[in-house]
Structure formats: structure tokens, C-alpha cells
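In the UniProt record's numbering, the protein residues as written are 1 to 451.
Report on the following structure.
Shown next, in the form of C-alpha cells:
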């Protein structure tokens, strides 16, 4: 308990020092006639990996960096430093000012509007201290690996177990008088196994991650799930090329929804590099489909009181009754589009995809009847301009609502516009480890290329 208190006290002390550093940087920029924004993060952590019950690697890290953007009228300069001494900060600000003098003016550059700033940023309890040393971390990693190795004799090798612990401080300030900071923590435990049958080998992994170490799943859970998933992949078959219904398993479905986030982000839109150009207020998904953004959920991985420009994050509906309610804008992309920032500099915060199906994955499989369950995607075959989608996949063939056998070396293809409109159901088997929290997603049909 004493160590935990010492750790928290040290972080609080760092937070105070970093606030002073940010204020100092802004003061220098202001003296030079510039407006400025400064973002500094300091992260320290422990990473322990093991393989075959032996500790393989122990890594301590303690990294920090200060980044400053200065604005001289409509000219912008950026610079950063990992040396947080006052002399280094002064040199960094001067470097940013020198760069700004040589950049072309851009009428959309500058700080986000003052009225959008997070002057009353809530405490989202993103930091939870934990007293964990190398021995305890190694014990968890070894237990996860040991559990998986002992699960079945067909588990023939291990790629190891790993435990990570990271705590950090983030401070942001700008010339609007905003100076905000928060502490954060993140803990994870994972392992990866290899299963064999004859000459054939398959690998898979499992992990658990949380801001509070008490919210992690057990090492036994990680090991057993890892072994089970790896074994299920053995003896994959190929299937004939056909058009069939497809289920994206929940952790793969997050990637499908992330394409929507990319398509409605300001950067894609003002560059005219999105298949959802000019779709604000239009139907893009089935009329029952809903996505809400909730940035202020207490202690969640993707919660944030403000974005990377100091703009306060707010709860909003992204999709309501299938209709696109908002774009995702930074101050720059907002100005480019003649709109205001939506607080999305740095990404999205806790997207909650509403389920319309009870009974988890089992119910979705029953609803699909015969088709493909996708558990892994490979390759980068997504064109965000046209919506063309073609990716390597692996998973399971399903008949009469029951998994029959694993499949591999297949390709699934379609167009994202059609794929979104053809979503039939979202399961209630919610994946909580991502900034997009969704259940498995059933699509009416996709082209599956096999033999």
C-alpha cells in the first residue's frame, strides 16, 4: 500500500512539474508575439515476457516528450523535445517560431475556438495505482502460459506470455488560458500459443486489458481461452467461391465499424477521400442501427475529458436510426469544411454500437443458418475513396446455425456502402477492449472466394 501511495505521489509531483513546463513554453511563445499550444506526456512502465516458463525479457521504460505548435498569424511551426529542462524547452519554442516564419500562410490554421475549450474537464478516474513488481508480473505471465500449455497435448509450443503495466501523466495547455492534466494507467496480460496436427501448425492469442489491474481477467482465463482458440483453428478447410451471409466476430467487427469512423473524419472529407462524402443527415445504415459516443464513461480505456487540441469531449449520437448525425472534426478540418470542431483531434472516444439481438453469438449463428463466421482478417484491401473492400480471412463454416469446421485461405469482398446497409443484426456479445464497443455483426451476404 505504501508503494502505491509513493507511486501516486511521484506522479502528482511530475504532473505539477509538467504543468510548469507547459506554462513556461506558452509564456516564451507569447513574448514572441505568437499563440501556442503545448502537449506533454510522460509514461513509465514495466513489461515482462516469458517463454516456456522462463523469464525472457524484463523492460522498464520512462519516456516523456513535449510538443509545441506556435502560430504567427496564419503561419504554423511545430517542434518537440524529450529533454524537459527549461533551457531545452526554450530552444524548442524558438525552433518552432523559426519554422513558422518559413511556412506558407494557411487561413484554417490556429487554435481551436476558445468557447470549445475544456475549462471544466471532468475527472474520469483513468488512473488506478497498483503495487506490482517484476516477480509478480512474471508470475502472471508464466501462469497464463502454463495454463495454455497444459490445456491439451495438441498445444505443441508457445510464443510466450506477457504482462505490461504503464502509468502516465498528460498535460495540455494553450494561449486561451487552458491548462489541464490527468493521470492514467493501463495494465494488460496476454499469451500466444501454437497447436499442431500432423505437419500443420496454427497459432492464436488471447489478452485482457484494463485501466484498473483488478478489472483484468485471470491468468487462467487468458491461458484457457488462448489454448481453446488455437485448437479450434486446426485442420482448416477451403470452401467454394460463393455469396453467403457473413458474421464478423465482435473483435473483428470493431474493425468494420472503424472504417465508418475513417470515412466520416474531417481529414478524409476535406481531401475528398471518402466514400461517404456529403452523407451528413443521410441514411448510411439500416433504420434500426445506432452508434452513440460516450467519452466520459468512468475508467474506460477510450474515455477522455478533452481531445488533443483541448476541445472538451461531449456525448453525441453518431448514427441514429441509420442516419449519419455528425462528422468527426478537428479545428483544422472543421474550418476546411466551414464547420466547428467536434472534439475528435486524436480519435474517437467510446463508440457504443447498440445491439438488436439477444443470446450472444449463438443466437446470431442460428439467425444466419448457413454462412461464414470471420474470426481473423488479413491485408490492407480497403479503398476508403470508393468503398471497395477485399481482405484475406479465416474463420469457421457454419451450417444450420452450428459451427462445422475451420476455414482458411479465403477472401471476402464487397463494397462498404453495401456492407453497412446489409447489416442484419448486431449481437449482445460486446467487445469491451476497444474504442469501438460492438457485438458480433451479421451481414446479409458477401462474396467469399475460396477454391
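Every residue gets a Cβ at the ideal spot worked out from N, C-alpha and C, and that includes glycine.
Everything numeric in this text was worked out from a predicted model, so none of it was measured.
Counting every other CB atom within 10 Å of its CB across the protein chains shown gives residue 148 a total of 16 or more, marking it as buried. Counting along the chain, no beta strand (DSSP E) covers residue 259; the unbroken alpha helix (DSSP H) around it starts and ends at 250-263.
In the structure shown, residue 397 adopts extended strand secondary structure according to DSSP, grouped into three states. For the pair residue 410 and residue 392, the Cα-to-Cα distance works out to about 6 Å. Note: residue 166 is bridge-paired with 45 and 186 in the DSSP secondary-structure output.
Restricting attention to alpha helix (DSSP H) runs no shorter than 4 residues, the UniProt domain "Metalloprotease TldD/E central" (128-234) encloses them at 134-149 and 219-232, ordered along the chain.
Only buried fits residue 260, as 16 or more other CB atoms lie within 10 angstroms of its CB.
For the pair residue 275 and residue 371, the CB atoms are not nearer than the 8 Å cut-off.
Around the beta carbon of residue 385, a 10 Å sphere encloses fewer than 16 other beta carbons of the protein chains shown; the residue is thus reported as exposed.
Between residue 319 and residue 290, the gap from beta carbon to beta carbon is short of 8 Å. The Cβ atoms of residue 346 and residue 308 lie closer than 8 Å to each other. One thing to note: residue 450 has its Cβ no nearer than 8 Å to the Cβ of residue 180.
Distance from residue 340 to residue 113 at the Cβ level is roughly 7 Å; contact confirmed, criterion being Cβ atoms closer than 8 Å. Counting of Cβ neighbours within 10 angstroms places residue 101 among the exposed residues, the total staying below 16. Going by DSSP, residue 417 is part of the alpha helix (DSSP H) stretching over 416-421. Non-local C-beta neighbours of residue 25 in its own chain, meaning closer than 6 Å and more than five positions away in sequence, comprise 38, 68, 89 and 93, ordered along the chain. In the DSSP assignment, the residues bridged to residue 66 are 40 and 81. Around the beta carbon of residue 192, a 10 Å sphere encloses 16 or more other beta carbons of the protein chains shown; the residue is thus reported as buried.
Boundaries of the alpha helix (DSSP H) around residue 89: 86-102. Between the segment 352-363 and the segment 421-429, the count of C-beta pairs closer than 8 Å reaches three or more; the two stretches touch.
Short of 7 Å from the beta carbon of residue 55, and not among the five residues preceding or following it, lie these beta carbons of its own chain, in chain order: 48 and 138. Contact check for residue 110 against residue 156 fails: the beta carbons are separated by 8 Å or more. Counting only runs that start and end inside the segment 296-329, the beta strand (DSSP E) elements of at least 3 residues fall at 316-320. With respect to residue 334, residue 117 sits apart: the two C-beta atoms are not nearer than 8 Å. Separation of the CB atoms of residue 136 and residue 53 is rounded to 16 Å, and the pair is thereby denied contact status at 8 Å.
In the displayed model, residue 368 falls within a helix according to three-state DSSP.
Taking a cut-off of 8 Å on C-beta distances, the segment 407-423 does not touch the segment 209-219, as fewer than three cross pairs fall below it. Nearest neighbour of residue 366 by Cα position, chosen from 404, 377, 378 and 342, turns out to be 404. Boundaries of the alpha helix (DSSP H) harbouring residue 269: 266-270, taken from the DSSP string. The Cβ-Cβ distance between residue 97 and residue 32 falls below 8 Å.
When beta bridges are read from the DSSP output, residue 413 appears opposite 390 and 447. Closest option to residue 14, judged by alpha-carbon separation, among 151, 204 and 43: 43. For residue 374, the closest of 360, 397 and 184 by C-alpha to C-alpha distance is 397. Closest by C-alpha distance to residue 99, out of 83, 71, 115 and 87, is 71. Per DSSP, reduced to three states, the secondary structure at residue 356 is coil, with no helix or strand assignment. Contact between residue 105 and residue 77 is absent: CB atoms are separated by about 12 Å, not below the 8 Å threshold.
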